[in-house]
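S.K.: Note that numbering that gives the first Met the number 0 has the sequence shown beginning at 0, numbered continuously upward. Heads up, the beta-carbon is just placed ideally off N, CA and C, and yes, glycines get one too.
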Amino acid sequence: MFKSALSRLMSTDTSLASLVLRVPTGIIFMAHGSQKLFGAFGGYGLEGTGQWMASMGIEPGYLMALLSGSGEFFGGLAILIGLLTRPAAAVLVFTMLIAILTVHIGNGLFMSNNGFEYALALLTIAASLMITGGGKLSLDRVLQPGSNAVRED
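1) What three-state label does DSSP hand Y61 in the structure shown?
2) Give me the residue from E58, Y61, P23 with the minimum Cα distance to L79.
3) When we look at the beta-carbon of G41 and count the other beta-carbons within 10 Å, is it buried (16 or more) or exposed?
4) For the alpha helix (DSSP H) holding L93, just list the boundary residues, first then last.
5) So M55 and T101 are supposed to be a Cβ contact under 8 angstroms. How far apart are they, rounded?
6) Quick one: Cα of D12 to Cα of S6, how far?
7) Let me know the secondary structure DSSP gives G105 once reduced to three states.
8) If you reduce the DSSP assignment to three classes, tell me which class L8 lands in.
9) Determine the direct distance from the alpha carbon of I99 to that of L153, and round the result to whole angstroms.
10) Where K125 and I97 are concerned, what is the direct C-alpha to C-alpha distance, given to the nearest angstrom?
11) In angstroms with no decimal places, state the Cα-to-Cα distance between P59 and F73.
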């Protein structure tokens with residue numbers, strides 16, 4: 000039963016299209032998660048991000064920063080390498096939905112006003128990966144039971 004469930008989670012197609020979505024999206028999510036978790040790339044780290052979240056009423060701020068940062072960083076890493084792509088993408092869809100509803104929705108669509116267009120684009124890409132899986136050049140494909148990923152299809 001466990002093997003069957005894992006097989007369904009890792010199922011994917013033989014297309015390269017997922018790779019085109021996975022690589023830049025994984026990098027973007029990892030960078031944003033790094034800002035929240037580690038203070039990298041001009042971010043505020045867990046403490047600062049937690050304080051910001053708490054100031055917006057997203058409580059407890061530190062825990063929410065840890066959850067969103069971890070979802071973005073580790074979900075982005077999983078997307079990048081194509082390992083457990085579907086569940087990682089589901090986590091990222093949820094993370095972006097929460098970001099849209101709690102931070103961006105009141106600012107309208109456009110990013111220039113801190114609107115939700117960027118988060119919506121990332122949500123859409125993650126939703127696509129949740130549907131299709133990691134694709135041909137993914138660890139999901141290599142590890143998929145019965146996969147012939149090591150040879151050309």
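M.R.: Put simply:
1) Residue numbering aside, residue 61 sits at position 62 when the sequence shown is read from its first letter. Under the three-state reduction of DSSP output, Y61 falls in the helix class.
2) Your numbering for residue 79 matches position 80 in the sequence shown. Taking only the C-alpha atoms, the option nearest L79 is P23.
3) For this step, residue 41 is matched to residue 42 along the sequence shown. Classification of G41: exposed, given that the 10 Å Cβ count is below 16.
4) On the sequence shown, residue 93 is found 94 positions in, with the first residue counted as 1. As written in the sequence, residue 93 is Phe, which differs from the Leu given in the question. Counted as a single uninterrupted DSSP element, the alpha helix (DSSP H) harbouring F93 occupies residues 84-98.
5) Numbered from 1 along the sequence shown, position 56 holds the residue referred to as residue 55. Numbered from 1 along the sequence shown, position 102 holds the residue referred to as residue 101. That pair is a contact at about 7 angstroms.
6) Translated into positions along the sequence shown, residue 12 becomes position 13. Translated into positions along the sequence shown, residue 6 becomes position 7. As the crow flies, the alpha-carbon of D12 is around 13 angstroms from that of S6.
7) For the purposes of this step, residue 105 is taken as residue 106 along the sequence shown, with counting starting at 1. In the structure shown, G105 sits in a helix (DSSP, three-state: H, G or I).
8) Mapped onto the sequence shown, residue 8 falls at position 9. Here L8 sits in helix by DSSP.
9) This structure does not reach residue 153, given that the chain is present from 0 up to 152, and the question cannot be answered.
10) Counting from one through the sequence shown, the residue named residue 125 turns up at place 126. Counting from one through the sequence shown, the residue named residue 97 turns up at place 98. Here residue 125 is Ala; the residue named in the question, Lys, does not match the sequence. So the alpha carbons of these two residues sit roughly 14 angstroms apart.
11) Counted from its first residue, the sequence shown places residue 59 at position 60. Counted from its first residue, the sequence shown places residue 73 at position 74. So the alpha carbons of these two residues sit roughly 21 angstroms apart.
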